[in-house]
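Using numbering that gives the first Met the number 0, the letters of the sequence shown correspond one by one to residues 0 to 425. Working notes, beginning with the structure itself.
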Amino acid sequence: MLDPDNLFWGINARQNHPDVLIPPAILALYEKVKNQLKREIKEFRFGQELTAIYIDPTDRCNASCSYCYISPKTRKNGRSMTQEELDRVLEKIAAHFKGQKRKQVIIFHASEPLLVKEILFNAIRRYKHVFKFGIQTNALLMEKKDVVFLKKHRVGVGISLDSFSPAVNNRQRFSREEKGNFAKAVKAIEWFKGYAGLNVITTITKFNVRDLPGLVKFLHGKKVPCVLMNPVRFTRAPIAALKPDDAVLTRCFIKAVNTAVRLSKTSSHKIIVGNFTNTLLAIIAPVARRLMCDISPCGGGRCFFTITARGDMIPCGEFTGLKQFCGGNIFTHSIPEAMQSRAFRKVRERMVEKISECKTCAFRNICGAPCPAELHSLGDMYQKAVFCEFYKNIIKFAFQVIAQDKVRYLVRSDSWSSLTYKYCLN
């Protein structure tokens, strides 16, 4: 059974109760905890506590990825923040969070942050006691000394890599000077040597979908602890041509997860598929989820937002270039003003209960029907997810993984050891 509103669930071995659909003990436990769970899920879905702010320090990029949500013109001719501007932004964010015990997370994102490496590293040195930092990069400009610096300051690092095959990867992540980022990305991964703060980010298209299992094996050999495998977003019209077939995507993604389980069980190194881990957490520990794309309303403009190189505050980087989604400018407006702006409220108001295909779906609060920016660019924010069938199949697979007692191999070891049962019949 599964209650989609509070995410109470139970798995029953039918042979133990062949004539009973739901055993009485499960129903009794459900009645005991359902109201508390409903309150927790409501707060998790609709609370507005900021947990991260993404900063795009430059519009420019030294690559030309086929699926980038930022237009080619902007990537070529866009502006970059100065050191003074970045310091002003961080000072304003620090003032907003003053008095809070927990360090807030700042993630340098967007086109290619390492194009302004010097100002970023200066900021990390200056504000390391105020914020936790992260950076997403194609690694084309990564040097060994940069890896030493990032590890020293415990910066979270995401490196973009789409395949174990140089040809396939470089077809998607093309760069004029290097012909692609494969060699530089792999070298950077090797320099990090299993660093716990490293993630590899993979965008799935029809060209690399069959490489997913092999990529997991390749990254496991490089001691990567986590890979996120995200289906391509259709935030610009030409990207639709890259869509993988849903059935092929499902089959290859599941094979990649099973590869991660096998390798983690039979070796001393664990690798997880981060977005599948988040799906598992959505079932076994819903409020412990960290990735906010599969929550409804999504985390954009609620738990995090993005500051562009011009200082515009938008709900999420996926909204870059989309009209009507700017909540103000960080240099002239406050963070509370942005959070209460119509632009941010529009994203928070989108929830699965308002989407005809989703409001009766049992998985609606596990899936979340992403992505509002993608669906808005396709003409209607209030429609089901582009990869709806894929998400349904992966959630069903997640329940199978739980029933087979394999979750421990798909969750980070520190997270697994901190999980305790809140309700359980066993």
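Idealized CB from N, CA, C, for every residue including glycine.
Span separating the alpha-carbon of residue i from that of residue j
i, j, result
"glutamate 189", "lysine 421", "40 Å"
"phenylalanine 163", "asparagine 169", "10 Å"
"isoleucine 271", "valine 208", "18 Å"
"aspartate 379", "leucine 321", "13 Å"
"arginine 175", "alanine 138", "14 Å"
"lysine 100", "leucine 49", "14 Å"
"lysine 143", "proline 71", "29 Å"
"isoleucine 25", "lysine 33", "12 Å"
"leucine 160", "valine 286", "29 Å"
"glycine 213", "cysteine 225", "15 Å"
"tyrosine 381", "serine 333", "29 Å"
"cysteine 297", "glutamine 47", "11 Å"
"aspartate 311", "leucine 114", "20 Å"
N- and C-terminal bounds of the beta strand (DSSP E) containing residue i
i, result
"leucine 6", "That residue, leucine 6, is in no beta strand (DSSP E); it is neither H nor E in DSSP."
"asparagine 229", "225-230"
"valine 156", "155-159"
"leucine 197", "197-203"
"lysine 131", "130-136"
"valine 104", "103-107"
"alanine 51", "51-54"
"threonine 319", "Per DSSP, threonine 319 belongs to no beta strand (DSSP E) and is neither H nor E."
"threonine 305", "303-306"
Element boundaries [alpha helix (DSSP H), containing residue i]
i, result
"asparagine 207", "First-last for asparagine 207: undefined, no H or E at that position."
"threonine 57", "First-last for threonine 57: undefined, no H or E at that position."
Buried/exposed call for residue i, threshold 16 Cβ in 10 Å
i, result
"phenylalanine 318", "buried"
"alanine 402", "exposed"
"phenylalanine 330", "exposed"
"lysine 183", "buried"
"proline 23", "exposed"
"glutamate 111", "buried"
"glutamine 135", "buried"
"threonine 276", "buried"
"serine 266", "exposed"
C-beta contact flag for residue i and residue j at 7 Å
i, j, result
"arginine 301", "arginine 347", "yes"
"leucine 89", "tyrosine 126", "yes"
"arginine 172", "alanine 62", "yes"
"isoleucine 54", "phenylalanine 107", "yes"
"lysine 205", "proline 243", "yes"
"phenylalanine 45", "tyrosine 29", "no"
"glycine 327", "proline 314", "no"
"arginine 288", "alanine 281", "yes"
"valine 256", "glycine 196", "no"
"isoleucine 158", "valine 104", "no"
"cysteine 360", "alanine 342", "no"
**Asked** Would you call the stretch 359-366 and the stretch 377-396 touching, i.e. three or more CB-CB distances under 8 Å?
**Response** The count of Cβ pairs closer than 8 Å, one atom from the stretch 359-366 and one from the stretch 377-396, reaches three, so the stretches are in contact.
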